[in-house]
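I have placed the structure first, in the form of structure tokens, so that the comments after it can refer back to it.
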Amino acid sequence: MNGNDPESDLIEGSLAMGSDIDADHERLGQASANVEPPDQSVSTPAHDQQATTADAAQYIPCYVSDHAQPAQCLFRAGPLASRCKAVKSHDNYFRWIAWSPDATTLLTVNNDRCVRQWDFPSTTDTSASDARFTPTAIVPFAEPIYDVAWYPFQSRLDPISNVYAVSTPHHPIHLIDASTGVSRCTYVPTNHVDEIVGATSLAFNTDGTHLYAGFDGWFATFDVTRPGRDSMVRVSTSATRRSKNGQKGILSSLCTNATYRAVAAASYARTIALYTQGTHECVHILRGLPPATQLAFDPSGHYMLSSHREDGTVHCLDLRMLRTVWTYERGGKTTMRSSVVADWHNVVMAAAGSKGNEVHVTDLATGTARQVVVRHEDLVACCAVRDGWWATCSGQRQFRLAALDEEVRVEEVAADHSFRLWHVPGEYQYFAVPGSEFNETDS
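Residues in the sequence shown are numbered from 1 upward in steps of one, following full-length UniProt numbering.
See the structure below:
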């Protein structure tokens, strides 16, 4: 990468090595023209083995949901009793949920400052409906939880990799062992006056060797194999506090991209920036967007999705052109964090609808609405998708106001502080990978 103009290098390199962008949009809009995988049942000579491997690398199995059939809620939990004296049980709503990389465990974050671990139910009979299940582990913290990040190569069969990171205010970052629920080690972020500060966002790099932590006007990287503060590398997102260049404000979300070896950082100061993972150079900054609460990349790595608060929109950015290709008005204007997830075919958005109690599915290529999949009685805070299994959590802070006058009737707000596991009908199909030539060349 040319150090004089890293942004132009990113644009020129991606355009030169990738396929035609307009053609790629068309292929993606047609669901990559659903093709049959190469027949590998017939043995090939040794000199043809490399060609066969290259052909097979252009296809990937993808779960295609049939949204014409309704989603079925198989398991649910909540409302949960608060384990924190400062939080009442009627305010113990769900704030965040995520699947583990090996799809065996779910993590949820509640308002009572606890991380709950839910193992995937052993009974997945789709004929059952609305069964109850309980968490297998509960990890309490002294302060509200800012962010949680799974280790990218996590596996329940490998105890060393079965970990996740948790950040809280004024405390070090804890690496929690998912097998025991005990803190394995801590990473200590400090500011310029040697005070411990809490990370507002977390993300592991694509290799799993470093941990990124976002703060107000800067982010830090930690070597995963070196706990403590000695391995911390501080990266300022702006030259000075008064400088008009760079990225300002609290970093609300971090997300890593394996295709371009980049780190995306969203700020409450209405900016989204892209940094290189090696040198941490800022290659591009998007300005003028509403405050973003979450970032996500699609599996190909060419599209970045940003979920915004206040105006209830979701923006899709094409990294090969570094511009927004579509914007979706999902409704549900709220200041809470709302999630967005993408696969090869769809974009799944939580906190949608006029009341924010729906989960919408849109087309990844065009951003057009496809289906309203699930509904809750309250605001949907987060949605996690793993093939045909969708996990949703809902709830928000409820203010119980007493009537000041006997003639004035206070309207009661429906509270749904629940976590539900849905099964969405569908089947696995093989799809051509957009830009597979670029991925093979880059690797």
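Ideal placement from N, C-alpha and C gives every residue a C-beta, glycine not left out.
Of the residues the options, which one's Cα is nearest the Cα of residue i?
i: H423; options: S253, L74, Y212; result: L74
i: A415; options: H67, V347, G312, P79; result: P79
i: L379; options: T368, R370, G356; result: G356
i: R186; options: G198, W96, H192, S179; result: Residue identity differs from the one stated: residue 186 is Thr in this sequence, not Arg. The shortest Cα separation from T186 among G198, W96, H192, S179 belongs to G198.
i: A239; options: S231, K248, V233, P144; result: K248
i: F431; options: S300, M321, Y260, L251; result: S300
i: Q294; options: E281, Y275, A265, L274; result: A265
i: R132; options: V163, S418, D207; result: S418
i: V314; options: M321, R320, M304, L322; result: M304
i: S307; options: T256, V235, S252; result: S252
i: H171; options: G217, I138, R229; result: R229
i: Q69; options: R370, A381, C84, A391; result: R370
i: D223; options: G214, F204, V235, D216; result: F204
i: S82; options: S65, I138, Q72; result: I138
i: Y260; options: T180, V188, D298; result: D298
For residue i, count the other beta carbons within 10 Å of its own beta carbon; 16 or more makes it buried, fewer makes it exposed. Which is it?
i: G278; result: exposed
i: R420; result: buried
i: Y428; result: exposed
i: V182; result: exposed
i: S89; result: exposed
i: D48; result: Confidence in D48 is poor, its pLDDT being 40 and thus under 50, which makes the residue's placement too unreliable to answer from.
i: T53; result: At T53 the pLDDT is 41, less than 50, meaning the model places this residue with poor confidence; the figure from the coordinates comes in the next sentence. Flag for T53 reads exposed.
i: N346; result: buried
i: E143; result: exposed
i: N92; result: buried
i: R241; result: exposed
i: N162; result: buried
i: P140; result: exposed
Quick one: what does DSSP say residue i is sitting in, helix, strand or coil?
i: S418; result: coil
i: H315; result: strand
i: residue 470; result: Coverage of the chain is limited to positions 1 through 443, which leaves residue 470 absent and any answer about it impossible.
i: H90; result: helix
i: V373; result: strand
i: M349; result: strand
i: V193; result: coil
i: T324; result: strand
i: L364; result: coil
i: I138; result: strand
i: V359; result: strand
i: D387; result: coil
i: T240; result: coil
i: S394; result: strand
i: F75; result: strand
i: R234; result: strand
i: H423; result: strand
i: T209; result: coil
i: Q117; result: strand
i: A261; result: Contrary to the premise, residue 261 reads as Arg rather than Ala in this sequence. R261 falls in the coil class under three-state DSSP.
Look up residue i in the DSSP assignment and give the residues it is bridged to.
i: P61; result: Y430
i: Y187; result: I173, G228
i: S253; result: A266
i: R287; result: T271
i: L305; result: A296, C316
i: D216; result: I250
i: Y164; result: W150, I176
i: A342; result: V347
i: N110; result: F94
i: D158; result: S155
i: F399; result: Partner(s): none; F399 has no beta bridge.
i: F204; result: L211
i: R132; result: R76
With a threshold of 7 angstroms between beta carbons, is residue i in contact with chain D?
i: P159; result: Looking for chain D here will not work: only one protein chain is present.
Could you check whether the Cβ of residue i sits closer than 6 angstroms to any heavy atom belonging to the ligand SAH?
i: G353; result: With respect to the ligand SAH, the structure offers nothing, as it holds no ligand at all.
Cβ pair count under 8 angstroms reaching 3, the segment 153-163 against the segment 97-107: yes
Pairs of beta-carbons, one from the segment 136-148 and one from the segment 163-178, closer than 8 angstroms: are there three or more? yes
Do the segment 280-290 and the segment 256-271 make contact, defined as three or more Cβ pairs closer than 8 angstroms? yes
At least three beta-carbon pairs within less than 8 angstroms, the segment 379-396 to the segment 332-347: yes
Segment contact, 8 angstroms Cβ cut-off, at least three pairs: the segment 315-328 with the segment 360-375: yes
How do the segment 106-119 and the segment 58-72 stand: do at least 3 beta-carbon pairs fall below 8 angstroms, yes or no? no
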